[in-house]
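In what follows, a single structure is set out as structure tokens and then discussed.
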């Protein structure tokens, strides 16, 4: 019988805070700046995972606004195949780097850090385009 292997479900949360978005600097490989997120636990909904991961990594209680898109390129994570559902959320308060985050910052499209992990550069490009033109950003 052939061994069955499936991608790992994950979530990423673009947290809108003041006039920017929260990114974390990863303390574990792969290093770089990333959208807060992580693995979905067994028995957990995507939405619950997004709220939990945001709180664990940034200390922010978020309100989910929209599901942006799903990203499934088998090469998006150098460790293994993941499928990520990306949410856009709103938060208030002062973020603190926790859990897998070594540091964090609030960035705008114009001042994003250079070393962005995974495929998060593409996701952020899609997000900022979505903010400008809406759902047409994902057409053809």
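In our numbering, the protein residues as written are -16 to 123. Positions of the beta carbon are idealized from the N, C-alpha and C atoms, including for glycine.
Return the Cβ separation of residue i and residue j in integer angstroms, given the expectation that the two are a contact with Cβ distance under 8 Å.
i           : j           : result
residue 66  : residue -8  : 6 Å
residue 10  : residue 83  : 6 Å
residue -6  : residue 116 : Actually they do not touch by this definition, with Cβ atoms about 24 Å apart.
residue -10 : residue 101 : Rounded, the Cβ-Cβ distance is 14 Å, inconsistent with contact.
Is residue i buried or exposed, if buried means 16 or more other CB atoms sit within 10 Å of its CB?
i           : result
residue 91  : exposed
residue 94  : exposed
residue 137 : The displayed coordinates of the chain run from -16 to 123. Any statement about residue 137 would go beyond what the structure contains.
residue 37  : buried
residue 53  : exposed
residue 70  : buried
What are the boundary residues of the alpha helix (DSSP H) that residue i is part of?
i           : result
residue 117 : Careful: residue 117 lies outside any alpha helix (DSSP H) and carries neither H nor E.
Three-state secondary structure (DSSP) at residue i?
i          : result
residue 29 : helix
residue 18 : coil
residue 42 : coil
residue 66 : strand
Which residues bound the beta strand (DSSP E) around residue i?
i          : result
residue 52 : 46 to 54
residue 8  : 3 to 9
residue 99 : Here residue 99 belongs to no beta strand (DSSP E), and DSSP marks it neither H nor E.
residue 75 : Element bounds for residue 75: n/a, residue is neither H nor E.
residue -7 : -9 to 0
residue 89 : 84 to 90
Would you be able to state if there are at least three C-beta pairs under 8 Å between the segment 44 to 54 and the segment 81 to 88?
-> no
Would you check if the segment -2 to 16 and the segment 58 to 77 touch, i.e. whether three or more CB-CB distances between them fall below 8 Å?
-> yes
Evaluate the contact criterion for the segment 30 to 42 versus the segment 5 to 21: three or more CB pairs, one atom per stretch, below 8 Å.
-> yes
Flag this pair as touching only if the segment 103 to 118 and the segment 2 to 18 have three or more C-beta atom pairs under 8 Å; answer yes or no.
-> yes
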